[in-house]
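Trainee:
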Amino acid sequence: MARDPRHDILFEPIQLGPVTMKNRFYQIPHCNGFGSEKPLNQAYFRAMKAEGGYGACCTEYCSISPESDDTHRVSARIWDDDDIKNLSVMCDMLHEHGALAACELWYGGPHAPCMETRAVPRGPSQIPSDFEHLTYCKEMDKDDIREVQGLYVAAAKRARTAGFDIVYVYGSHSYLPQQFLTPYYNKRTDEYGGSFENRARFWRETIEQVKEAVGDTCAICVRMSTDMFMGEPGTQLERDCVPFVEMCDDIVDVWDINVSGISEWGEDATPSRFYPSGRLLPWQKRIKEVAKKPVLGVGRFVDPNMMVEAIESGCLDIIATCRPSISDPFLPKKIDEGRLDDIRECIGCNICISRWEIGGPPLICTQNATAGEEYRRGWHPEKFSRAENADNDVLVVGSGPAGMECAMVLGKRGMRRVHLVEAQDDMGGIMRWVPQLPGLGEWARVVNYRRIQIDKLKNVEFIPNTELDADGVKDYGAEIVVVATGAYWATDGLNGCTHDTIPGADASQPWCLTPEQIMRDGKEVPGDKVLIVDDDGYYMGPSLAEKLALDGKQVTLMTHLGHIGPYMHFTLEAPNMHRKLHKLKVEMVTYQIPTQMEQGKVTSAHVFDEEHLTDWGVDAVVLVTQRRSNEALFRELKDRIGLDALNAEGITGLYRIGDCEAPRLTADCVFSGHRLAREIDSDDPATPKPFIRERRVIEREEAGSLTGAAI
Amino acid sequence: MKIVVCAKQVAMLGDEVEFTDDGRSVDTDYLEFALNEWDTFATEEALQIRERLGGEGEVVVVTAGDEDAEEAMRRCLAMGADRGVRISIEGIADRDPISVARALAQVVEKEQPDLVFCGVQSADAVQATTGVALAELLGLPRVAVVRELDYDHDAKKARVSRELEGGLIDVVEADTPAVLTIQTGINEPRYATLRAIKQAEQKEIEEVEPGDLGEPAAHVRRMFVPAKGEGAEMLNGSPEAVAQRIAEIVKERLT
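The listed protein sequences correspond, in order, to chains A and B. Using this note's numbering, the first residue of the first sequence is number 1338, and each one after it goes up by one. Using this note's numbering, the first residue of the second sequence is number -10, and each one after it goes up by one.
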């Protein structure tokens, strides 16, 4: 199909200083867990987006010096010639696809814990980091300022040598240039603190020096946070950012505009739970009004009409995407080809970001199981090889995220027939009711994308309203059987704290409920006072607390953990989730585990002082304690009928995927279904094939000749 | 007991359409094909009657078309129909319903069934003509748009409720053999298991020549995309404002 002419503007080239970007699709700097020390993973990951049509792709934040070391988190580093070599792989691969390569030069100041380098970071004032506890910086004197600016210049030159076309002086997310600009961090009384001109001085001088050093060949990009949402001490749009753009527009080639500081950067990388796409447009528009140079910025854009609107309404010149580019690296190409219904839209769950926050593991994506697997597993999001056993028919039992993904990928791999059989009247599994929780509507995209793809696949048939038992599976006529029957929330209080049930907990009673009883089955929550027992630690407990509080209940949310929904800190949902629950007067109780419950009363103990008991008068109890796999069908097939008997019926493979193997994140369920389908023709599809571990390998013979640093 | 189900492989349009060079039909590159939805209900109804009668008897599927049309018939066979008859006609899409009914009539006469089921209409042509024309050609009673059926095999009678316009239901008794055109929703069509689909591949499909189709009752002269009209009004604003404006427009048009 052809591109909709309304979207033509997205494909117009644009000049950024000395370089030309071929279209308006820009992959904003974002982490992936690879940095410069897993250079091939890094290069393949970024190049996939270039292949998918992005006009430019950036590194993640790229440290300019060992004194800006973010370990345990993984940044890129451009400290020496070897880093140049590693990062040049990414540049070359981007250039092969006609995309520009950008490098986000980063100095963290007090936020860099330097856990690997053990160096001391420098900052405008000696304040402890509000993000990385127990990390302080050394207050810079004038010599320090000159030296750090020198670090930027040296790094910029290395970036140019590596082949980067765009070089950042990154001053967002509370990193060094923003620290100088912002009274919250800058307490100086010399010519680098106080007035706007003084607070802007460090950044302006640094930009000038970087421009002088590499500006003839590289575009200079400045990424600026335009609001910290904290009043007087924070960075402010009108007081700080508008004048800064007016002051520096002549030495900057492109502005990258966002908001927030680092400790609440969920205001920038907004979870869909709290903000729709395009949330930053008012700030970007204000900067665009005063900037003569192009303005780019993110907004979790997945809809080309909204992208066009952002450009035509004078908010942006370039559409930057982070999460949508992870979810679908081929977003530009699909818009170009008019294949809008093939776009794998980001759901804004921030599970990608959670991996950076955890500190190190490769990113994952709920929608795109191939994200981060481009090099190490050789997975391409749009290309599927024909399976060697494609003459087989496959039965997938259960159409939750894992089953849908598996059936879809098996279909794309050309299996003769794939039947996706579902007991309910529609596909989606838990993703039919989870998106009904407050704010999670966009999560339904997990189902929508797969439904559309499965509809298009002639060899995949969806069969609703059909509950198969083990004999039904045996007689179904498939050569390969995949069980994807999901999981359920424990009805007896079984939990990960005591590894036991809670005496008295019984969700067959009217006063005791599980999440799916409330959300899927419509079981009524009796009375006013509800106690939610959350030993899960992610979104379910807080979401139900919000829902029930909105329904007018008086809610207590109790967990044995030290935080409410601790995983939501990693997904950047925690601050606003807390605000919401607090405003809804939800009582939040940590380090408590119920020891006994009955209608009307729950007794709990402090997890570190089990003799300290508390009684709670409640009308209803919701058990968000743990999930258990729905493994009955799989066990019947494997244990009662047995593999030999299945073989006699022509079934050569029996596998299980997703929650029915072990409960897990939805992203991991999708991965599980995808992985099995990708490897359905391997020698042992049940066992994941080894992936390439990008690491240094030492031959035994050479070990003797390798020495460490001189003593 | 024998029931003949007349089934059709229908064409489905994708997002884009182009016409053939002569402008008389849609280029098949832009089409996908499937069993007509109504015919799945007709097949299911036939299978259920046979099951109610203890599994005795035969359900025969008849279609007209080229070899590709057998794919749709295989779906009926996978559901449980016993055998198929394909009347070999090239370019079936260009044939009018009366010509198709003439072809079907020749097979039905030979089969001598107790009941003949057609879908109410086909999803592509949407003429709702073939079934009733077939009854006329065979000289059999006909009931169109059947939503409920109670067949008494011994008495050779069918008690039938059929949809009329305006939500009215007409309950009639028909002597059988009769031709009934079956409406969607009369039952819940079963899905075929993979085993049934594989077995259906082995079932017999007899190919027969069409014989004399007579003069067509209609010709397609030209297909085209209608020109865009004028006077469309985009309603913008809050849901309340849009709803208000819609209500005003409806009131204006009604008065």
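Beta carbons are placed, not taken as given, at the ideal position from N, Cα and C, and that holds for glycine.
1. Would you tell me roughly how many angstroms separate the C-alpha atoms of R1714(A) and Q191(B), rounded to the nearest one?
2. Roughly how many whole angstroms lie between the Cα atoms of E1484(A) and E1433(A)?
3. When Cβ atoms are compared, which residues of the segment 19 to 30 of chain B fall closer than 7 angstroms to chain A?
4. With a threshold of 8 angstroms between beta carbons, is H1756(A) in contact with chain B?
5. Give me whichever residues DSSP pairs with D1420(A) in a beta bridge.
6. E182(B) touches chain A at which residues, Cβ-Cβ below 8 angstroms?
7. Determine, using beta-carbon pairs with one atom in the segment 1668 to 1680 of chain A and one in the segment 1388 to 1397 of chain A, whether at least three such pairs fall under 8 angstroms.
8. Does the distance from the C-beta atom of T1822(A) to that of A1844(A) stay below 8 angstroms?
9. Check this for me: beta carbons of V1961(A) and D1873(A), under 8 angstroms apart or not?
10. Looking only at its chain, what residues have a beta carbon closer than 8 angstroms to the beta carbon of G1954(A), apart from the 5 residues adjacent to it on each side?
11. Assuming contact is defined by CB atoms lying nearer than 8 angstroms, are H1373(A) and D1420(A) in contact in what I supplied?
12. Suppose only complete runs of 4+ residues qualify. What are the alpha helix (DSSP H) ranges in the segment 1770 to 1847 of chain A, listed by chain order?
13. Hey, is the segment 1962 to 1979 of chain A in contact with the segment 1911 to 1929 of chain A, meaning 3+ C-beta pairs nearer than 8 angstroms?
14. Which parts of the segment -7 to 78 of chain B are runs of the alpha helix (DSSP H), unbroken and 4 residues or longer, counting only runs that do not cross its ends?
15. Return no unless some Cβ of chain B is closer than 8 angstroms to the Cβ of I1839(A).
16. Using a Cβ-Cβ cutoff of 9 angstroms, what residues of the segment 1729 to 1745 of chain A are near chain B? List them in chain order.
17. For M1(B) versus I194(B), is the C-beta distance shorter than 8 angstroms?
18. Once the 5 residues before and after F1501(A) are set aside, which same chain residues still bring their CB inside 7 angstroms of it?
19. For a contact meaning CB atoms closer than 7 angstroms, what does E5(B) contact in chain A?
20. Using 8 angstroms as the cut-off, can you tell me whether the segment 96 to 106 of chain B makes contact with the segment 220 to 236 of chain B, which would need three or more C-beta pairs spanning the two stretches below that distance?
21. Measuring CB to CB, does Y1473(A) end up less than 8 angstroms from P1461(A)?
22. For S88(B), which of helix, strand or coil comes out of DSSP?
23. Apart from the five residues just before and just after N1796(A), which ones in its own chain have a Cβ nearer than 8 angstroms to its Cβ?
24. Please confirm if A185(B) has its CB atom under 8 angstroms from at least one CB of chain A.
25. Counting only runs that start and end within the segment 1913 to 1948 of chain A, where is the beta strand (DSSP E) found for 3 or more residues in a row?
26. On a Cα-Cα basis, can you pick out the residue from K1629(A), D1564(A), E1604(A) and G1603(A) that is closest to M1584(A)?
27. Please tell me whether M(-10)(B) and E33(B) are closer than 8 angstroms, where the distance is taken between their beta carbons.
28. Contact check, G1685(A) vs R1637(A) under 8 angstroms by CB: the rounded distance?
29. To the nearest angstrom, how far is it from the Cα of L1653(A) to the Cα of C(-5)(B)?
30. Taking only the alpha-carbon atoms, compute the straight-line gap between S1597(A) and F1721(A) and give it to the nearest angstrom.
31. Quick one, are the C-beta atoms of L1574(A) and N1595(A) less than 8 angstroms apart?
32. So, R1536(A) versus F1566(A), is the Cβ gap smaller than 8 angstroms?
33. May I ask you to report which of helix, strand or coil DSSP gives S1400(A)?
34. If you draw a straight line from the alpha carbon of A236(B) to that of W27(B), how long is it in whole angstroms?
35. Hey, R1803(A) and V1758(A) are a contact pair by Cβ (cut 8 angstroms); roughly how many whole angstroms apart?
Mentor: According to the structure shown:
1. When rounded, the distance between both Cα atoms is 41 angstroms.
2. Going by C-alpha positions, E1484(A) is about 36 angstroms away from E1433(A).
3. Flagged: no residues at all.
4. Chain B, which has a Cβ nearer than 8 angstroms to the Cβ of H1756(A), makes this yes.
5. Residue pairing by DSSP places D1420(A) opposite no residue, since no beta bridge is assigned to it.
6. Just to set this straight, residue 182(B) is Thr in the shown sequence, not Glu. Those within 8 angstroms of T182(B) in chain A are H1756, D1812, Y1813 and G1814.
7. Yes, the segment 1668 to 1680 of chain A is in contact with the segment 1388 to 1397 of chain A.
8. Not closer than 8 angstroms, so no.
9. Between V1961(A) and D1873(A), the C-beta gap is smaller than 8 angstroms, which places the two residues in contact.
10. Take G1954(A), set aside five residues on each side of it, and the residues of its chain with a beta-carbon closer than 8 angstroms to its own are K1866, G1937 and K1938, in chain order.
11. The sequence shown places Ser at residue 1373(A), rather than the His named in the question. The answer is yes: Cβ separation under 8 angstroms.
12. 1782 to 1793 and 1807 to 1811, all fully within the segment 1770 to 1847 of chain A.
13. Output reads no: the segment 1911 to 1929 of chain A does not touch the segment 1962 to 1979 of chain A.
14. 26 to 41 and 59 to 68, all fully within the segment -7 to 78 of chain B.
15. Chain B, which has no Cβ nearer than 8 angstroms to the Cβ of I1839(A), makes this no.
16. Cβ contacts with chain B come from D1730, V1731 and L1732.
17. 8 angstroms or more divides the Cβ of M1(B) from the Cβ of I194(B).
18. C1428, A1438, A1439, C1440 and C1555.
19. By Cβ distance, chain A contributes M1338.
20. Counting Cβ pairs under 8 angstroms, fewer than three are found: no touch.
21. Not a contact, by the Cβ cut-off of 8 angstroms.
22. Correct three-state label for S88(B): helix.
23. Here the set comprises G1748, G1751, M1752, R1753, R1754 and V1755.
24. Yes, A185(B) lies at the interface with chain A (some Cβ there is under 8 angstroms from its Cβ).
25. With a minimum length of 3 residues, the continuous beta strand (DSSP E) runs that stay inside the segment 1913 to 1948 of chain A are 1924 to 1926, 1929 to 1935 and 1938 to 1943.
26. Closest in C-alpha terms to M1584(A), from the list K1629(A), D1564(A), E1604(A) and G1603(A), comes K1629(A).
27. No, they are not a contact pair.
28. The distance from the Cβ of G1685(A) to that of R1637(A) is about 6 angstroms, consistent with a contact at the 8 angstroms cut-off.
29. Approximately 59 angstroms, taken between the alpha carbons.
30. A straight line joining the alpha-carbon of S1597(A) with that of F1721(A) spans about 40 angstroms.
31. The criterion of a C-beta distance shorter than 8 angstroms is not satisfied by L1574(A) and N1595(A).
32. No, they are not a contact pair.
33. Looking at S1400(A) - three-state DSSP - the assignment turns out to be strand.
34. Within the model, the alpha-carbon separation for A236(B) versus W27(B) is close to 36 angstroms.
35. In the sequence as displayed, the identity of residue 1803(A) is Thr instead of Arg. About 5 angstroms separates the beta carbon of T1803(A) from that of V1758(A), a gap short enough to meet the 8 angstroms contact definition.
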